[in-house]
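Novice: The structure follows.
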Amino acid sequence: MLSGKERTDLVNVARLYYEQGLTQDQVAKRIGVSRPLVSKMLTRAREAGIVHIEIRSSTEGDAALLEALQTRYALHGGMVLPVQDSMEENLKAAADYLSGELLYERNLGLGWGYLLGESISLLTQQCNRRQPGAVLPLIGKAHIPNKGYRVDELAETLASACGRHAYRLAVPAFPDSLEERQQFETTEAYLELDAMWQKLDAALVEIRDFPSVPDEATATRFGDSLKRQRAVGSFLSYYYNERGEFISGENDFAVRIPLGTLRHCPKIIGLALGAAPNAITGALKTGLFTHLLVTESTARKILEK
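First residue of the sequence shown: 448, per the numbering used here; consecutive thereafter.
Pasting the structure below:
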């Protein structure tokens, strides 16, 4: 619940940014605070409905949609992005949100995905404040020619921009056998990272459709289980059906943060800008996510179910 002073401060910042067209740097100088704090205040203004109702009346429905999603799926926050002309604009809006939601947290975990990689690239441009803490990969490396799947590199890029320590997992995400995975899990790098996973303050993961491109070695790991059990999506290469039930594979030896550990993370943000409604619905029904980034059109389809 916002106090009267907090609400007034958020309204003032929102008016400077949205109505007067000042940049976040200019707003920060005008009111005498840091730019990251301005970003945080704009995020809070969106989540509280101030921007949508008082500042951007043309998108009033976005706040109502987020509130409906929060009520249905016990979310703590997030952002429903209004209709944009391109995915690039969506990603820029997502990065603005994430700069306020993530960069103040101490220990950050990163998943993988094309859109997640693009979001991190934009987010690094907003790291103008040195902050103690660490950036951690949540899954091993994949032989996929896209920067969004090189999680160790994503962690290093974000950590370098924000003055944090980057951890590396430095092992394949999909080993060939249980024995190979167990061997990886005895390495010093894995044990150190496993201990840090217990201390996560926030995690950013991309929600993906199933099936989708690139494929994450699903035939080898799951056989026909994903089709038989009607998988609709995945995150961190954990697959699930629309009821939010996880699907196991006889040869699924993926190296990643265990679900039991992930559940203890206090803030898990689902980046769902490219996912279908049923993939997002299934992900939310797992009960893991606390925040969601989704487009307005997709949010409406989810709520119609």
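Every residue, glycine too, gets a C-beta built ideally from N, C-alpha and C.
#1: If we ignore side chains and look at the alpha-carbon of each, how far apart do ALA541 and ASP599 end up?
#2: Return the residue from the list ARG454, SER533 and VAL582 that minimises the CA-CA distance to LEU550.
#3: Please determine, among GLN630, GLY560, ALA723 and VAL530, the residue with the shortest C-alpha to C-alpha distance to LYS748.
#4: Any idea what DSSP makes of ALA636, helix, strand or coil?
#5: Do the stretch 582 to 598 and the stretch 617 to 628 make contact, defined as three or more Cβ pairs closer than 8 Å?
#6: Once you ignore the five residues that flank SER504 on each side, which residues in its own chain have a CB closer than 8 Å to its CB?
#7: Between which two residues does the alpha helix (DSSP H) carrying VAL480 extend?
#8: What residue does the alpha helix (DSSP H) around ALA542 start on, and which one ends it?
#9: So the candidates are GLY525, ALA521 and GLY560; which of them puts its Cα closest to the Cα of GLU743?
#10: For the stretch 688 to 746, which segments carrying the beta strand (DSSP E) assignment without a break, of at least 3 residues, lie completely within its bounds, in sequence order?
#11: Since GLY691 and GLY721 are thought to touch, with beta carbons under 8 Å apart, how far apart are those beta carbons, to the nearest angstrom?
#12: Compare the Cα-Cα distances from GLY670 to each of ASP699, ALA606 and ALA719 and report the closest residue.
#13: For PHE631, decide whether its Cβ has a neighbour in chain D, counting only Cβ atoms nearer than 8 Å.
#14: So the alpha helix (DSSP H) VAL618 belongs to, where does it begin and stop?
#15: What separation, rounded to the nearest whole angstrom, lies between the Cα atoms of ILE502 and VAL485?
#16: Strictly by DSSP, which residues pair up with SER681?
#17: When you compare only the Cα positions, how much space is there between GLN473 and ASP543?
#18: Name the DSSP beta bridge partners of LEU830, please?
#19: Going by the CB atoms, is the gap between GLY564 and ILE586 shorter than 8 Å?
#20: Per DSSP, what kind of secondary structure is GLY595 in: helix, strand or coil?
#21: So for GLY564, helix, strand or coil by DSSP?
#22: Please classify LEU625: does DSSP put it in a helix, a strand, or coil?
#23: Tell me the residue span of the alpha helix (DSSP H) that contains LEU528.
#24: Rounded to a whole number of angstroms, what is the C-alpha to C-alpha distance between GLY556 and LEU651?
#25: Kindly indicate which three-state DSSP category LYS752 falls into: helix, strand or coil?
#26: For GLN471, count neighbouring Cβ atoms within 10 angstroms of its own Cβ and tell me buried if that reaches 16, exposed if not.
#27: Check the C-beta distance from LEU706 over to TYR685 and give it rounded, since I have them as a contact under 8 Å.
#28: Within 10 angstroms of the Cβ of VAL702, are there 16 or more other Cβ atoms? Answer buried if so, exposed if not.
#29: Compute the Euclidean distance between the alpha carbons of SER624 and GLY560, then round it to the nearest angstrom.
#30: On the premise that LEU516 lies in contact with LEU538, defined as a C-beta separation below 8 Å, what is that separation, rounded to the nearest angstrom?
Specialist: To lay it out plainly:
#1: Taking the straight line joining both Cα atoms gives about 22 Å.
#2: Closest option to LEU550, judged by alpha-carbon separation, among ARG454, SER533 and VAL582: VAL582.
#3: Among GLN630, GLY560, ALA723 and VAL530, the Cα nearest to that of LYS748 belongs to ALA723.
#4: DSSP, read as helix, strand or coil, puts ALA636 in helix.
#5: A contact exists between the stretch 582 to 598 and the stretch 617 to 628.
#6: Low confidence applies here, because SER504 scores a pLDDT of 34, under 50, leaving its location unreliable and the question unanswered by this model.
#7: Under the DSSP assignment, VAL480 falls outside any alpha helix (DSSP H); it carries neither an H nor an E label.
#8: Element bounds for ALA542: 534 to 548.
#9: The residue among GLY525, ALA521 and GLY560 with its C-alpha nearest the C-alpha of GLU743 is GLY525.
#10: As far as the stretch 688 to 746 is concerned, its whole beta strand (DSSP E) runs of at least 3 residues are 715 to 718 and 738 to 742.
#11: Incorrect: roughly 20 Å between the Cβ atoms, too far for contact.
#12: If we check each option's Cα against that of GLY670, ASP699 comes out closest.
#13: No chain D appears in the structure shown, which is made up of a single protein chain.
#14: VAL618 -> no alpha helix (DSSP H), and no H or E assigned at all.
#15: Here the model assigns ILE502 a pLDDT of 36, short of 50, so the residue's position is not dependable, and the following value carries that caveat. In a straight line, the C-alpha of ILE502 is about 16 Å away from that of VAL485.
#16: According to DSSP, which records beta bridges pairwise, SER681 is partnered with ARG655 and TYR686.
#17: So the alpha carbons of these two residues sit roughly 15 Å apart.
#18: Because residue 830 is not part of the residues shown, which for the chain are 448 to 752, the question remains open.
#19: Contact flag unset, no.
#20: GLY595 falls in the helix class under three-state DSSP.
#21: If DSSP states are grouped into helix, strand and coil, GLY564 belongs with the helices.
#22: Residue state, collapsed to three classes: helix.
#23: Segment 524 to 528 is the beta strand (DSSP E) holding LEU528; no alpha helix (DSSP H) there.
#24: Taking the straight line joining both Cα atoms gives about 6 Å.
#25: LYS752: coil per DSSP, three-state reduction.
#26: Buried, because 16 or more other Cβ atoms sit within 10 Å of the Cβ of GLN471.
#27: Rounded, the Cβ-Cβ distance is 7 Å, consistent with contact.
#28: Under this definition VAL702 is a buried residue.
#29: Looking at the two C-alpha atoms, the distance is approximately 24 Å.
#30: Not a contact, Cβ separation roughly 20 Å.
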